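Numbering (this note's numbering), first residue to last: 360 to 786.
We put the beta carbon where it would ideally sit given N, CA and C, even for glycine.
Predicted, not measured: the structure shown is a model, and the values here were computed from it.
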C-alpha cells in the first residue's frame, strides 16, 4: 500500500462504547474496543471457523484457506484501511474477525440448505446468524435474570458487524433483502438498542470497511488458491473466447451491475501491471511471484479506496461511524468483481454440479429432521436448555438450526454418522 500520512483518530463517544448489558469496571490497561477484539478471538465460534469451508473443504488440501484463515486475512486488510482513514483499528478488526462466525458447515452450499430447512422459522442467513451468536448464543455475559446475552460487544463494534443492517425483507431492495439481512426477528430487541430508528438502513463506515475488506480478501486469495491448486488457467486472460465465458459466468453469478465493457477494461488494467501472472508452473520462483501478485493486488485496491475516501472526507481528519461513507472507485470495483468472477468460473460454478454438494445438503436435512424428531435429547448446551425453554415448534426449529449451524464440516459428518447412520465420510 502506498505511503500515506495517518490522520488523527476519529473521536468515539461514550455512546459508541456502551454495551447492551452494563458490566463492572475493569482494568484501564485495555480500551473497550480492544476488549471487543479479544472476545471474538477467544470465542468458541471463532475457533470453529478453522474447520469450516471457505471455497474448498478444509479436508481437501493442506494449503487451501478455511473460514478462520480467511477471517484473519480480512482483519489484516481492514485494520490497515481503518488506520489510514482514522477509524479505530480495533473496531474494524473486531468486525472483520467476526464477520463469518455465523456461517454453517459446507460454506454457501450449507447456507442455502439451512435457509430452505428454516423456512418455517424465518429462514437462515449467515450474517444474521453472526449477529445472533454475538448477542445471544456465544456464552460470555448473562442478563439480570441469568439469560444469555452473548459476548456483549460495544455499540460501535456490534454495529460494524452489521453488513446488512435490517431484518428480513426490510432492506432498501425488499426482494434482495429476503436473502441478505443481518437480523432475525428474534434478535430485534438488541438491534433496536444498537441503532435506533434514525439511521434507517445506512451502514457505519467501519461496516463498509469490513465489507470491502471481505471482498478484497476472498477475491484475491481465492485466485491465489486457484493458481496454486491448478484450477485456474492463467493464459485464459489473454484469450478473448475464454474470457467471454468468464464474463458470462461472472454476470450470471453476481448480476450485471458491472458491465461487460467494464470487466474488459479491468482485464486490460490488470494485464498492464508488471505483476499479473499469465503463466504458473508451480515452481518456487512462480510461487514467490504469485505471493507478490497477491500483495500488490491488495495494496492496489486498498490504496485506491483510501485515497478516494480521504479526498472527500478530509486528508488528515479521522473518519469513523457515520461521518463519511467509503468511496470505491468504479474501476477498482470492476477489478475486484473480475477476480470474484475468475473464482466463480474456475472453482465455485463447477462445484455446483459435483455429487458432494447434493450429499452435503442431504446430510444437513437429515440432521435437522433427526434432532427435531428426538425431542432435543441430542442437542448440546446451550441449545438443549434453549429447546426446553421454547414453547412452539417454530422456536424449537430455530434452536435446531442454531445447533446445526454451529457445527464444523467435520463434526456435521460425524453427527450424521452417529444419528442417521449414513454418509460416514468427511465432506
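* Tell me, please, whether the region 549–563 touches the region 510–525 by the rule of three or more beta-carbon pairs shorter than 8 Å. => yes
* Residues bridged to residue 507 (per DSSP) -> 501
* Asked: Do you know offhand how far residue 465's Cα is from residue 633's?
  -> 37 Å
* At which residues does the alpha helix (DSSP H) containing residue 471 begin and terminate? -> 466–476
* Under a Cβ-count criterion, where at least 16 other Cβ atoms within 10 Å of its own Cβ denotes burial, should residue 448 be classed as buried or exposed? -> buried
* Leaving out five residues on either side along the sequence, give the residues of the same chain with a beta carbon under 6 Å from the beta carbon of residue 459. => 426 and 430
* To do: Would you identify the three-state DSSP class for residue 422, choosing helix, strand or coil?
  => Note that residue 422 scores a pLDDT of 48, beneath 50, so its modelled location is shaky; the value from the coordinates is reported in the next line. Three-state DSSP puts residue 422 in coil, outside helix and strand.
* Closest Cα partner of residue 437 within the set 577, 542 and 487 -> Scanning 577, 542 and 487 for the CA closest to the CA of residue 437 turns up 577.
* Below 8 Å on the Cβ atoms is my guess for residue 696 versus residue 586; work out the distance and round it to an integer in Å. => Not confirmed; about 19 Å, so no contact.
* Asked: For residue 378, which residues does DSSP report across the bridge?
  -> 513
* Asked: On the three-pair Cβ rule with 8 Å, is the region 462–481 touching the region 682–694?
  -> no
* **Residue span of the alpha helix (DSSP H) that contains residue 606, given as start and end** => 599–613
* To do: State buried or exposed for residue 511, treating a residue as buried only when at least 16 other CB atoms are found within 10 Å of its CB.
  => buried
* Distance between residue 700 and residue 476 (C-alpha atoms, nearest Å) -> 29 Å
* Verify whether the separation of the beta carbon atoms of residue 305 and residue 451 is less than 8 Å. => Any property of residue 305 remains undetermined from this structure, which presents the chain solely from 360 to 786.
* With C-beta atoms as the reference, is residue 446 less than 8 Å away from residue 399? -> no
* To do: Please state whether DSSP places residue 526 in a helix, a strand or coil.
  => strand
* To do: Can you grab the Cα-Cα spacing for the pair residue 551 / residue 763, in whole Å?
  => Counting only the Cα atoms, residue 763 lies some 27 Å from residue 551.
* From this set, 589, 724 and 498, which residue's C-alpha is nearest residue 706's C-alpha? -> It is 589 whose Cα lies nearest to the Cα of residue 706.
* Roughly how many angstroms lie between the CA atoms of residue 370 and residue 680, to the nearest whole one? -> Those two C-alpha atoms are separated by around 10 Å.
* Within the same chain, show all residues whose beta-carbon is closer than 6 Å to that of residue 625, passing over the 5 residues directly before and after it, in chain order. => 693, 694 and 697
* **residue 596 and residue 630 closer than 8 Å at C-beta** => yes
* What residues in its chain sit with their C-beta under 8 Å from that of residue 646, if we drop five residues either side in the sequence? -> 587
* Please go through the region 682–740 and give each complete alpha helix (DSSP H) segment of 4 or more residues, from N-terminal end onward. => Those alpha helix (DSSP H) runs which fall completely within the region 682–740 and span 4+ residues are 689–702 and 714–732.
* Is the beta carbon of residue 591 less than 8 Å from the beta carbon of residue 606? -> no
* On the premise that residue 495 lies in contact with residue 487, defined as a C-beta separation below 8 Å, what is that separation, rounded to the nearest angstrom? -> In this structure residue 487 does not touch residue 495 by the C-beta definition: roughly 11 Å separates them, more than the 8 Å allowed.
* Quick one: what's got a C-beta closer than 7 Å to residue 517's C-beta in the same chain, skipping five residues either side? -> 493 and 553
* **Which of helix, strand or coil DSSP assigns to residue 365** => Correct three-state label for residue 365: coil.
* Just checking my contact of residue 722 with residue 644 at CB under 8 Å: how many whole Å lie between their CB atoms? -> At roughly 42 Å, the Cβ-Cβ gap does not stay under 8 Å, so residue 722 and residue 644 are not in contact.
* Using a threshold of 8 Å, state whether the C-beta atoms of residue 649 and residue 579 are closer than that. => Taking C-beta atoms as the reference points, residue 649 and residue 579 fail to come closer than 8 Å.
* Asked: Near residue 628, what residues of its chain come up, given a Cβ to Cβ distance below 7 Å and the 5 sequence neighbours on each side ignored?
  -> 690 and 694
* To do: Assuming residue 379 contacts residue 549 (C-beta within less than 8 Å), just tell me the rounded distance between them.
  => 6 Å
* Cα separation between residue 543 and residue 744? -> 20 Å
* residue 737 vs residue 766 beta-carbon contact at 8 Å -> no
* **DSSP bridge partner residues for residue 542 (one or two, in chain order)** => 526
* To do: Please state if the CB of residue 678 and the CB of residue 444 are separated by a distance shorter than 8 Å.
  => yes
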